[in-house]
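As structure tokens, the structure follows; a few thoughts come after it.
2 protein chains.
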Amino acid sequence: MVFDSDDTEAAGTAKVQIAMRYDEKNKQFAILVIQLSNVQALLLQQDQKVNIRVAVLPCLESTSCLFRTRPLEVSDNLMYNEVFWVSISYPALRQKTLRVDVCTVDKSRLEECLGGAQISLAEICRSGEKSTRWYNLLSSKYLQKQNRK
Amino acid sequence: MVFDSDDTEAAGTAKVQIAMRYDEKNKQFAILVIQLSNVQALLLQQDQKVNIRVAVLPCLESTSCLFRTRPLEVSDNLMYNEVFWVSISYPALRQKTLRVDVCTVDKSRLEECLGGAQISLAEICRSGEKSTRWYNLLSSKYLQKQNRK
Numbered sequence: 075m076v077f078d079s080d081d082t083e084a085a086g087t088a089k090v091q092i093a094m095r096y097d098e099k100n101k102q103f104a105i106l107v108i109q110l111s112n113v114q115a116l117l118l119q120q121d122q123k124v125n126i127r128v129a130v131l132p133c134l135e136s137t138s139c140l141f142r143t144r145p146l147e148v149s150d151n152l153m154y155n156e157v158f159w160v161s162i163s164y165p166a167l168r169q170k171t172l173r174v175d176v177c178t179v180d181k182s183r184l185e186e187c188l189g190g191a192q193i194s195l196a197e198i199c200r201s202g203e204k205s206t207r208w209y210n211l212l213s214s215k216y217l218q219k220q221n222r223k
Numbered sequence: 075m076v077f078d079s080d081d082t083e084a085a086g087t088a089k090v091q092i093a094m095r096y097d098e099k100n101k102q103f104a105i106l107v108i109q110l111s112n113v114q115a116l117l118l119q120q121d122q123k124v125n126i127r128v129a130v131l132p133c134l135e136s137t138s139c140l141f142r143t144r145p146l147e148v149s150d151n152l153m154y155n156e157v158f159w160v161s162i163s164y165p166a167l168r169q170k171t172l173r174v175d176v177c178t179v180d181k182s183r184l185e186e187c188l189g190g191a192q193i194s195l196a197e198i199c200r201s202g203e204k205s206t207r208w209y210n211l212l213s214s215k216y217l218q219k220q221n222r223k
């Protein structure tokens with residue numbers, strides 16, 4: 075099996091840069107949404123604003139675990155630099171998955187998510203060291219098409 | 075915001091152990107599905123068999139990028155140890171996301187996926203070094219419920 079991978083395809087993925095850090099002393103998990111690159115790959119209209127939604131899942135009904143950045147106008151690189159803090163024990167955190175979605179809000183204020191990534195926290199570091207990485211975003215439209223097959 | 079995290083919750087997540095390695099000389103990406111733990115957390119009937127499905131996404135129509143392990147009877151720890159090879163260039167691989175799903179097949183041979191993980195390959199190592207990690211699985215039923223909210 076060989077992928078027909080050309081450069082067009084290689085350049086074509088939207089990516090989000092996220093940093094995470096667990097502060098064991100204060101039992102606080104910090105999620106820093108840094109930036110979004112190549113958001114155009116998610117087939118956006120140019121006049122939309124884009125925000126990033128992060129959720130620590132699964133989430134108990136009694137707690138809130140969904141956060142949103144401010145919306146930004148579409149451009150090549152969108153700098154968010156927003157931090158969200160979650161109070162959680164280390165054993166509980168290691169059972170969670172961070173879901174990151176890139177969303178727009180239309181005129182009727184309905185949120186539409188264009189693509190996302192899932193980051194397992196099973197091996198998240200407890201030492202307080204910051205992990206900063208880029209994550210590829212899978213297009214929601216692409217996944218819906220796949221699921222219909 | 076504080077999570078009410080008790081030990082029951084902490085023990086409750088199904089996890090899959092995956093190893094990955096990129097062989098630059100031969101432009102081959104190896105996915106080793108090692109094992110599955112605590113699959114009962116995905117609310118399975120005890121008499122079902124479980125297989126793991128891995129997909130390298132997005133995938134061009136002309137190529138096959140979906141692999142399945144053999145099905146195993148449910149127990150606490152399911153050892154698969156199956157390797158799948160994908161021929162792909164390093165720049166193309168870095169645009170991909172590995173989607174891992176835990177599935178069952180019912181008597182009418184319909185596949186149902188109970189839970190999954192997504193692993194971004196944006197920062198996959200090109201040196202040939204093997205990365206072996208555990209990944210939490212998010213229950214599909216849980217995600218469907220969340221999406222209806």
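Residue numbers (my numbering), protein chains in the order written: chain B, 75 to 223; chain H, 75 to 223.
From the three backbone atoms N, C-alpha and C, an ideal C-beta is built for every residue, glycine too.
Note that the structure is a prediction, hence the values are computed from the model and not measured.
Can you find the residues in the same chain that come closer than 6 Å, C-beta to C-beta, to residue i, ignoring five residues on each side of it along the sequence?
i	result
Trp159 of chain H	Gln102, Ala104
Trp208 of chain B	Lys89, Gln91
Arg127 of chain B	Arg142, Asp175, Cys177
Lys170 of chain H	Val130, Leu195
Thr206 of chain H	Ala93
Is residue i close to chain B? Criterion is C-beta to C-beta, closer than 7 Å.
i	result
Asn221 of chain H	no
Glu203 of chain H	no
Lys99 of chain H	no
Ala93 of chain H	no
Leu131 of chain H	yes
Leu212 of chain H	yes
Gln109 of chain H	no
If you draw a straight line from the C-alpha of residue i to the C-alpha of residue j, how long is it?
i	j	result
Tyr165 of chain H	Cys133 of chain H	Here the sequence assigns Pro to residue 165 of chain H, which means Tyr is not the residue at that position. In a straight line, the C-alpha of Pro165 of chain H is about 15 Å away from that of Cys133 of chain H.
Glu147 of chain H	Asp150 of chain B	49 Å
Arg168 of chain B	Val113 of chain H	16 Å
Asn125 of chain H	Tyr216 of chain H	20 Å
Lys204 of chain H	Thr87 of chain B	24 Å
Lys219 of chain B	Lys219 of chain H	20 Å
Ser214 of chain H	Ser182 of chain H	20 Å
Ser111 of chain B	Gly202 of chain B	27 Å
Grab me the residues of residue i's own chain with a C-beta within less than 8 Å of its C-beta, minus the 5 sequence neighbours each way, in chain order.
i	result
Leu212 of chain H	Gly189, Gly190, Ala191
Arg200 of chain B	Tyr96, Glu98, Tyr164
Leu184 of chain H	none
For residue i, which option in the options has the closest C-alpha, if you only look at C-alpha atoms?
i	options	result
Ile193 of chain H	H:Gln109, H:Met94, H:Ser182	H:Met94
Met153 of chain H	H:Gln109, H:Lys181, H:Leu131	H:Gln109
Glu156 of chain B	B:Asp97, B:Lys99, B:Leu106	B:Leu106
Arg144 of chain H	H:Ala129, H:Lys123, H:Ser138, H:Leu131	H:Lys123
Asn210 of chain B	H:Gly202, H:Cys187, H:Glu197	H:Glu197
Ser161 of chain B	B:Ser138, B:Gly86, B:Lys204, B:Ser214	B:Ser138
Glu186 of chain H	B:Glu185, B:Asn221, B:Ser205	B:Asn221
Leu172 of chain B	B:Gly202, B:Ser111, B:Leu140	B:Leu140
Does any residue of chain H have a CB that is nearer than 7 Å to the CB of residue i?
i	result
Gln218 of chain B	no
Tyr209 of chain B	yes
Lys215 of chain B	no
Thr82 of chain B	With a pLDDT of 40 at Thr82 of chain B, under the threshold of 50, the modelled position of this residue cannot be trusted; read the value that follows with caution. No, Thr82 of chain B does not count as interfacial toward chain H.
Leu152 of chain B	no
Gln102 of chain B	no
Phe77 of chain B	Annotation note: pLDDT 44 at Phe77 of chain B (below 50); position unreliable, coordinate value reported separately. Output row for Phe77 of chain B: interface = yes.
Gln192 of chain B	yes
Gln114 of chain B	no
Thr178 of chain B	no
Which same chain residues, not among the five before or five after residue i, have their C-beta less than 7 Å away from its C-beta?
i	result
Ser163 of chain B	Lys101
Asp180 of chain B	Glu186
Within the chosen definition, does the segment 106-125 of chain B reach the segment 171-182 of chain B through at least 3 CB pairs nearer than 8 Å? Short answer: they touch.
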